[in-house]
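982 is the number of the first residue of the sequence shown in the numbering used here; add one for each residue after it. Glycine included, C-beta positions come from ideal geometry on N, C-alpha and C.
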Amino acid sequence: MEDLLKKLVESPSVSGSERNVRDLIMKEIKPHVDDVRIDKIGNLIAKKGSGSPKIMINAHMDEIGLMVKHIDDKGFIRFEPIGGWDSKILQAQKFKIHGSKGPIIGVVGSKAIHLQEREEEKKVTKIKDMFIDIGANNKKEVEKMGVKVGDFVTQHGEFNSLGGSRVTGYGFDDRVGCLELIDIVKSLKKFKGTLYAVGTVKEEIGLIGIRGSTFSVNPDLVISLDVTFSGDVPYLKPHEAIAVIGNGPVLLIKDALSIIQDDIKKWVEDVAKKNKIPLQYDVLSAGATDSSIVSTIREGIPSLAILTPSRYMHTPVEVADIKDVKNAVKLVTELVNSAHKYL
Ligand SMILES: [Zn+2]
């Protein structure tokens, strides 16, 4: 499981350029599904089984990244953020620019502490004032290296195992969900109805891919797989983020755009209890995931989200627990197995 997560993490997949992760999902699930297609905007839609109920599970294939916006005469590259970035963690990081001659390593430069005025030390540099240095002396050299305006830029994080079953890497949001999607497809053998396993595009810039894919599949229910904040870190009070890493998958009760239907909540609780799978809740005031807008598609399609706790989300050092991933796979597999009784 960790090997596949490492491969997913090492596949750059910024919103609008999800091909790498999509190819990997395709390769992994193809032998286990009856049909797989790519729709016109890049969503991967795989089908397994037949008849009703039609259950769609999905994970978003994109990650947050940057885009080349301007190259100055001295060869410094200004960029546009793609998705929700904290400007504090951008500086002094390595990035990969995906230009026409393959990936180029660049660094977001930062002023040495020795050169900063007292007041500057307290200030956060704005993204518009940051730049990437790829080792070029001028604009011509940048262009020679295959870099131009509009190129995608991804984080240059590593995947590593930590203590116990913990792992760290970048883009766990939502490679962890993609890993779960693959594993659920592989572990479902005999079930009643049709399973649609969908890898969606452009979640990070406004829940884009879920709209058309849900409309075309027209399922009875959508289960989105994503990550959520783990609240057990020194900078958070327990009530600020209620899910905790290592304590099991998380049922999303409320976020900025959705509230779960009470009958769906009861079904998930019953399935978790019956199969002795730990279950946590999340109640969020900000943020949303693909499932959050599914009830507004067509005449209204029921949905839920199963989230995996992750520390340090949207940074290059996200931390997740493989135990939670395994329990999320188990829970969603049992939900699909029991859906015909519920729907
Ligand atoms: Zn996500």
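Residue i: first and last residue of the uninterrupted alpha helix (DSSP H) it sits in
i: R1003; result: R1000 to I1010
i: I1278; result: Neither: I1278 is in no alpha helix (DSSP H) and is coded neither H nor E.
i: A1301; result: First-last for A1301: E1299 to D1302, but that is the beta strand (DSSP E), not the alpha helix (DSSP H).
i: S1197; result: G1190 to V1198
i: R1099; result: R1099 to K1103
i: D984; result: E983 to V990
Whole-angstrom C-beta distance between residue j and residue i, which should lie under 8 Å
i: I1045; j: E1185; result: 5 Å
i: V995; j: V1049; result: V995 to V1049, Cβ: 12 Å. No contact.
i: V1166; j: V1014; result: 6 Å
i: T1135; j: P993; result: 4 Å
i: S1168; j: V1252; result: Incorrect: roughly 15 Å between the Cβ atoms, too far for contact.
i: S1205; j: D1271; result: 4 Å
i: V1123; j: G1056; result: 5 Å
i: F1172; j: V1310; result: Rounded, the Cβ-Cβ distance is 14 Å, inconsistent with contact.
i: L1288; j: V1231; result: 4 Å
i: K1120; j: I1052; result: 5 Å
Helix, strand or coil at residue i according to DSSP, with G and I counted as helix
i: G1030; result: strand
i: V1343; result: The question about residue 1343 has no answer here: the residues shown for the chain are numbered 982 through 1324.
i: E1184; result: coil
i: E1061; result: strand
i: N1308; result: helix
i: H1013; result: helix
i: S1284; result: strand
i: I1245; result: helix
i: H1079; result: strand
i: S1367; result: This structure does not reach residue 1367, given that the chain is present from 982 up to 1324, and the question cannot be answered.
i: V1123; result: helix
i: A1040; result: strand
i: Y1216; result: coil
i: S996; result: coil
i: K1109; result: helix
i: Y1323; result: helix
i: A1253; result: helix
i: N1141; result: strand
i: V1179; result: strand
i: L1025; result: strand
i: T1289; result: strand
i: I1240; result: strand
Segment limits, beta strand (DSSP E) that includes residue i
i: D1067; result: Per DSSP, D1067 belongs to no beta strand (DSSP E) and is neither H nor E.
i: D1016; result: D1016 to I1019
i: T1135; result: F1133 to Q1136
i: G1083; result: G1083 to V1089
i: F1153; result: Taken as a continuous stretch (DSSP letters only), F1153 belongs to no beta strand (DSSP E), being part of the alpha helix (DSSP H) at F1153 to S1168.
i: G1046; result: G1046 to I1052
i: V1257; result: Note that residue 1257 is Lys in the sequence shown, not Val. Careful: K1257 lies outside any beta strand (DSSP E) and carries neither H nor E.
i: V1264; result: Q1261 to V1264
i: K1235; result: V1231 to K1235
i: R1147; result: R1147 to G1150
Cβ-based burial, residue i [other Cβ within 10 Å; buried from 16]
i: S1194; result: buried
i: E1100; result: exposed
i: G1090; result: exposed
i: R1003; result: buried
i: P1012; result: exposed
i: F1140; result: buried
i: D1067; result: exposed
i: I1086; result: exposed
i: K1257; result: exposed
i: L986; result: buried
i: F1196; result: exposed
i: V1264; result: exposed
i: D1114; result: exposed
i: N1312; result: Note that residue 1312 is Leu in the sequence shown here, rather than Asn. With 16 or more Cβ atoms within 10 Å of its Cβ, L1312 is classed as buried.
i: A1073; result: exposed
i: P1219; result: exposed
i: E1161; result: buried
i: S961; result: What is shown of the chain runs 982 to 1324, which leaves residue 961 out entirely.
i: T1296; result: buried
i: A1237; result: exposed
i: N1039; result: buried
i: D1154; result: buried
i: T1277; result: exposed
i: R1192; result: buried
i: S1081; result: exposed
i: H1041; result: buried
beta-carbon residue i near ligand 3 non-hydrogen atom, thresh 6 Å
i: S1205; result: Because ligand 3 does not appear in the structure shown, any question about it cannot be addressed here, the ligands present being ligand 1.
- Who sits around ligand 1, taking every residue whose Cβ is closer than 7 Å to one of its heavy atoms? H1041, D1154, D1155, G1158, E1184, E1185, D1207, V1208 and T1270
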